[in-house]
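A.B. asks: Okay, so the sequence shown: first residue is 11 according to this note's numbering, each after it adds one. From the three backbone atoms N, C-alpha and C, an ideal C-beta is built for every residue, glycine too. To start, I am sharing the structure in question, which I have written as structure tokens.
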Amino acid sequence: MTKNKSKPILLLILGLLWAGLTQAQESSNASGGDATGSGGTVAYSVGQVVYTTNTGSSGTVSQGVQHAYDIFTVGIKETAINISLTAFPNPTTDNLTLQIQDYNNEKLSYQLFDMQGKQLSNGQIVAQQTLINMNSLPTATYFIHVVNQENKKVQSFKFIKN
Numbered sequence: 011m012t013k014n015k016s017k018p019i020l021l022l023i024l025g026l027l028w029a030g031l032t033q034a035q036e037s038s039n040a041s042g043g044d045a046t047g048s049g050g051t052v053a054y055s056v057g058q059v060v061y062t063t064n065t066g067s068s069g070t071v072s073q074g075v076q077h078a079y080d081i082f083t084v085g086i087k088e089t090a091i092n093i094s095l096t097a098f099p100n101p102t103t104d105n106l107t108l109q110i111q112d113y114n115n116e117k118l119s120y121q122l123f124d125m126q127g128k129q130l131s132n133g134q135i136v137a138q139q140t141l142i143n144m145n146s147l148p149t150a151t152y153f154i155h156v157v158n159q160e161n162k163k164v165q166s167f168k169f170i171k172n
């Protein structure tokens with residue numbers, strides 16, 4: 011008596027094809043937490059790039075975040091002076107390092123702003139690396155503007171404080 015060997019082989023091939031086509035959900039979030047109010051508690055996360063909206067008789071809830079998690083340099087790319095600026099790490103927790111290549115004693119300073127445009131701090135840049143203390147700031151998105159002695163923007167950076 012011979013067994014039909016094509017059925018197990020067919021099932022194996024179908025199983026491998028199904029496993030190759032499945033996708034898992036993965037989310038690399040910037041932040042999150044729990045929000046509590048008189049109507050209950052909800053968990054939230056920041057950094058998701060997909061969202062859905064659910065509507066009911068008592069209101070609307072959007073699941074996810076409406077903007078992508080973007081980290082990029084904003085502002086003028088070409089500088090009036092010939093230097094290269096970088097800010098790291100992004101996102102940061104304690105200190106943000108502002109590094110200037112080819113620094114030759116230009117009179118530069120930085121200005122730290124929140125998302126509403128309120129200036130939180132400023133300081134002089136006197137070396138190739140300047141540490142900006144972020145410990146006292148809450149988790150949010152911020153802007154650093156590097157300006158020259160005429161108070162003109164040389165470059166701006168957008169960064170996240172975790």
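What's the C-alpha gap between N172 and Q159?
C.D. replies: 31 Å
A.B. asks: To the nearest angstrom, how far is it from the Cα of Q121 to the Cα of Q111?
C.D. replies: 19 Å
A.B. asks: Check whether the Cβ atoms of I154 and A97 sit closer than 8 Å, and answer yes or no.
C.D. replies: yes
A.B. asks: When you compare each of S166, A150 and S67 to L42 by their alpha carbons, which one comes out closest?
C.D. replies: Per the sequence shown, residue 42 should be read as Gly rather than Leu. Selected option, being the one with the closest Cα: A150.
A.B. asks: Spatial neighbours of D44 within its chain, please: CB distance less than 8 Å, with the 5 preceding and 5 following residues excluded, ordered by chain position.
C.D. replies: Cβ neighbours of D44 beyond the five flanking positions: T51, V52, A53 and Y54.
A.B. asks: In chain order, which beta strand (DSSP E) runs of at least 3 residues are fully inside the stretch 111 to 171?
C.D. replies: 118 to 123, 129 to 135, 139 to 143, 150 to 157 and 163 to 171
A.B. asks: For N143 versus N105, is the C-beta spacing smaller than 8 Å?
C.D. replies: yes
A.B. asks: Thinking N132 and S146 are a contact (beta carbons under 8 Å), I'd like their distance in whole angstroms, please.
C.D. replies: Actually they are not in contact, since the Cβ atoms of N132 and S146 sit about 15 Å apart, beyond 8 Å.
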